[in-house]
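In this note's numbering, the protein residues as written are 34 to 602. Okay, so here's the structure we're looking at.
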């Protein structure tokens, strides 16, 4: 019986459960990451360097573990069971992470241990299911519906970004605006993503009766490794005695079937093509580094501005969603990937030329400035700036840094125990950081306003072409990579090749961790360095792609089925 289709189309109903599952899982993952660095700096009191290192290490682990999930799926449990079991690990990681954010649970050492344990479990959970969910979705389509399957990967990627944009708006609000345990509610900010992961698991299980489930092919990795090892040994021993062969893996034909050898050749050809790709993610990850520098600066000065900061501002994921249709209609797959790399490099070159770094952009996006007061008076002072309240203790007490909207602030009320004063702060402009020194004089309360960080003089519109380039580049690169990895993989190794694609992200994070953190360059220099490297890598990749020949893995079934029939005849 054919699986039911959506509204008379060739799309199976089962993909609806997969897309919803991916949306909830991505909400869970990005929602947690949206406040993760805030948690490191503001709750665990780590410095910028340690926070950056742990953040990139966690991101790298999330993209190295797909290899483990792919091997479990293709060799042992199958994709369906692998997703379920590792999703349970994922949920446990979220719960442990949330418990570690409760101040009443142990001391700072307990918080660090629980947080690290939770992150490791989350990394194995999210990494393990990444290659399985995408490949499992591709498995739901019949062989003749390749166009529908290609569009499915675009819809799949759209669900990723929809979950990302929603979560990065919601969880920072939960952390900053909801108070619990006498401070910012990190437990709730981590708990909501945990709940979304539970929903993702329930939705995925609910579609069980509709899925097309391919059984695992046995221990594929062991078989592949033995085949490769035998081919190398056999070539080493007999290369002088036997005639040359067209491919070095053909030296394994004496022991292993031709089909396995051809499948390994297919996978190797794609993996070689992936060697230059980590540089794209290394460049793309520069956005996160700038964000960490921003919040490190903000929280080192005890600002409450963090309540409105998210890891990825909503502009970027929204533009990715709008750019997806653009990627559907232009170029062949490998040309799209090469074009995406060039666009991303151009975007970061533009960021260098106009001297806009990520910190400036985030200040522009949040139309706020920062203000604090130093009180040299002998009495405590309460200051009301618009709707925000400041308190500065007597004798050189310093108030908190609080973000206030841009505007003219005249007649600001300052109250002491014995009197009330009015001061004129004047214009508090976009993105500036002000320190106001209050002093008691014979004629009342006087002030000296200092501009620690100058107001932004770069218009917000300058970020539009850069984000257009970045988002178009990522969409063309990422969606095409997902679909290409699936379409070029033999049936027994689809999850493995998906994991290989995801590992390019992991190596990109490693490059950032080694080069960017170790070199100590200024941010504009890093932008220019990575953009230049990506241009060079794009040229190399374009040449490699030109000589790549597309294959149809399904043809292997037909070829070897015909060979079997001929042998029987």
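Idealized CB from N, CA, C, for every residue including glycine.
Quick one: Cα of residue i to Cα of residue j, how far?
i, j, result
"residue 511", "residue 444", "54 Å"
"residue 608", "residue 85", "Nothing can be reported for residue 608, as the shown portion of the chain is limited to 34 through 602."
"residue 442", "residue 194", "40 Å"
"residue 47", "residue 244", "6 Å"
"residue 438", "residue 460", "10 Å"
"residue 94", "residue 434", "35 Å"
"residue 415", "residue 452", "11 Å"
"residue 410", "residue 420", "23 Å"
"residue 583", "residue 517", "10 Å"
"residue 91", "residue 148", "11 Å"
"residue 153", "residue 276", "51 Å"
"residue 37", "residue 286", "42 Å"
"residue 145", "residue 54", "30 Å"
What whole-angstrom Cβ distance do residue i and residue j have, given they're in contact under 8 Å?
i, j, result
"residue 222", "residue 124", "With 8 Å as the limit, residue 222 and residue 124 do not qualify as a contact, their Cβ atoms being about 17 Å apart."
"residue 478", "residue 406", "Between residue 406 and residue 478 the Cβ distance is about 11 Å, and since that is not below 8 Å, they are no contact."
"residue 309", "residue 574", "5 Å"
"residue 306", "residue 57", "Going by Cβ atoms, the distance from residue 306 to residue 57 rounds to 32 Å, so no, they are not a contact pair."
"residue 462", "residue 402", "6 Å"
"residue 214", "residue 140", "Residue 214 to residue 140, Cβ: 14 Å. No contact."
"residue 515", "residue 186", "5 Å"
"residue 499", "residue 586", "Their Cβ separation, rounded to whole angstroms, is 38 Å, which puts residue 499 and residue 586 out of contact at 8 Å."
If you reduce the DSSP assignment to three classes, tell me which class residue i lands in.
i, result
"residue 455", "strand"
"residue 440", "strand"
"residue 579", "helix"
"residue 403", "strand"
"residue 462", "coil"
"residue 434", "strand"
"residue 140", "coil"
"residue 55", "helix"
"residue 111", "coil"
"residue 22", "Here the chain has residues from 34 to 602 only, and residue 22 is not among them."
"residue 130", "helix"
"residue 175", "coil"
"residue 389", "Only weak support is given to the placement of residue 389: the predicted model assigns it a pLDDT of 40, under 50, and the question is left unresolved by the model."
"residue 279", "coil"
"residue 256", "helix"
"residue 416", "strand"
Tell me which same chain residues have a C-beta within less than 7 Å of the C-beta of residue i, skipping the five on either side of it?
i, result
"residue 98", "156, 157, 160 and 161"
"residue 431", "405, 407 and 425"
"residue 526", "107, 253, 296 and 300"
"residue 563", "315, 316, 319 and 381"
"residue 231", "124"
"residue 168", "112, 519, 527, 528 and 531"
For residue i, which residues in the same chain have their Cβ closer than 8 Å to its Cβ, ignoring the five residues on either side in sequence?
i, result
"residue 483", "467, 468, 469 and 470"
"residue 249", "106, 107, 108, 109, 110 and 111"
"residue 429", "407, 408 and 409"
Tell me which residues share the same chain as residue i and place their Cβ nearer than 6 Å to its Cβ, disregarding the 5 neighbours each side in the sequence.
i, result
"residue 450", "412"
"residue 134", "219, 220 and 223"
"residue 196", "56, 59 and 60"
"residue 457", "443"
"residue 150", "129"
"residue 64", "200, 204 and 226"
"residue 481", "470"
"residue 417", "446"
Give a yes or no on whether the minimum CB-CB distance between residue i and chain D is below 9 Å.
i, result
"residue 410", "The chain labelled as chain D is not found in the depicted structure, where only one protein chain is given."
(request) Take every Cβ of the region 101-120, pair it with every Cβ of the region 236-245, and state whether three or more of those distances are shorter than 8 Å. (result) yes
(message) Count Cβ pairs between the region 533-548 and the region 172-180 that sit closer than 8 Å; are there 3 or more?
(response) no
(request) Could you tell me whether the region 524-540 touches the region 163-175, where touching means 3 or more Cβ pairs closer than 8 Å? (result) A contact exists between the region 524-540 and the region 163-175.
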